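When we follow full-length UniProt numbering, the leftmost residue of the sequence shown carries the number 1, and every step to the right adds one. Quick reminder that beta carbons are idealized off the backbone N, C-alpha and C, glycines included. Values in this document were obtained by computation on a predicted structure and should not be read as measured data. Read the structure below first, then the notes.
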Amino acid sequence: MRMISWNVNGLRAVLKKGFEDIVGEFDADVVALQETKLQAGQATLDLPRYREFWSYAERKGYSGTVVFTKEKPLQVLHGLGFPHLDNEGRIVACEFPEFWFVCVYTPNAQNELARIDHRMEWDDAFRDFCKGLEAGVLPAGVPVEREGADGNVVLQPEAGRGEGKGGADVVPEPAPMGEGHLPTQWLPLTQPGETAAPKPVVICGDFNVAHNEIDLKNPGPNRGNAGFSDEEREKFTKLLDAGFTDTFRSLHPDLTGAYSWWSYRFNARKNNAGWRIDYFLVSNELAPKVRAASIYSEVFGSDHCPVGLELED
């Protein structure tokens, strides 16, 4: 099974740079994107083999995530269960028969660590969320996509009555899972005490942290900056210590110069002055099934490049 993750830094711009052809060349089973910067219905993609599951930020032109998958998930979650953390469209979590697949766009701590407190709260909540999925515990109050008896996504009874958070006040057309662009205010919420089958978790996305010095070109001058602060690195260590494996580093423990993000300034990409901040993590029990973990630095279109994971079926 092949999976791809890519922070596209604005999907509409990448669509003009051959995005659909790139997806076709990868021919992955699952493709996860971060920083789509879209609202519902703002882009039409020609990816007929994939179902689409979107999370949108309330703020227009900001953040956002999406998962494209060939296999229909059992259910899809759109948040961690905390309203003040879930208003930026940073989570799409798809349950498949064998594992959960979580796409995440971790908040940036910003210049001078202006948002570090929010980031620390997010990191703790995200770790608990992933461990909860492993244990079969679903967070309460999260918008969820599930298939109804008629084969269409279940919507809230009041869907479309009045203006929603995204400014949409039109009742959506009934559609099968993954075939409609549904703002989360139209979806029902998970209830307290809901459970699922315990199963391992695959996590991918832009974590906005270089874990160790090997993961960025210039660790010295960046120490303490957003993305390489002690606080962020320690939280990432806690996530791994909770039972997750950094798949790329497990296969390539000493490989230098392997980066997934480069600043647009100072010819950073040309000089490979980058950071590895995009990851595929797996529950430790899945680690023996990892066949490949890749960084596709030859793929352009964003300030990030795609990263990939291949698991034994």
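Checklist entry - What is the DSSP secondary structure of M219, reduced to helix, strand or coil? => result The displayed chain sequence assigns Pro, not Met, to residue 219. The answer is helix: DSSP assigns P219 an H, G or I state.
Checklist entry - Can you tell me whether DSSP reads residue 374 as helix, strand or coil? => result Since the first residue shown for the chain is 1 and the last is 313, residue 374 is missing from the structure and cannot be characterised.
Checklist entry - Hey, how far is the Cα of L80 from the Cα of N111? => result Distance between the alpha carbons of L80 and N111 is about 25 Å.
Checklist entry - Helix, strand or coil: how does DSSP classify V144 here? => result strand
Item to check | Own chain partners of G164 with C-beta closer than 8 Å, once the 5 adjacent residues on each side are dropped | outcome: Per-residue confidence for G164 stands at a pLDDT of 45, beneath the threshold of 50, marking its modelled position as unreliable; the derived number appears in the next sentence. Taken in chain order, the residues that qualify are P183, Q185 and W186.
Checklist entry - Of the residues Y279, L38 and A135, which one's Cα is nearest the Cα of K199? => result When each option's Cα is compared against that of K199, the closest is A135.
Checklist entry - W100 to E71, Cα distance in whole Å? => result 13 Å
Next on the checklist: Could you pull the DSSP bridge partners for R276 from this structure?
Outcome noted: DSSP lists no partner for R276.
Checklist entry - Between the C-alpha atoms of I277 and H211, what's the straight-line distance to the nearest angstrom? => result 8 Å
Checklist entry - With DSSP run on the structure shown, which of helix, strand or coil describes E88? => result E88 carries a strand assignment under DSSP once its states are collapsed to helix, strand and coil.
Checklist entry - Got a sec, what are the start and stop residues for the alpha helix (DSSP H) G24 sits in? => result F19 to F26
Checklist entry - Per the contact definition of three or more C-beta pairs closer than 8 Å, is the segment 17–32 in contact with the segment 270–288? => result no
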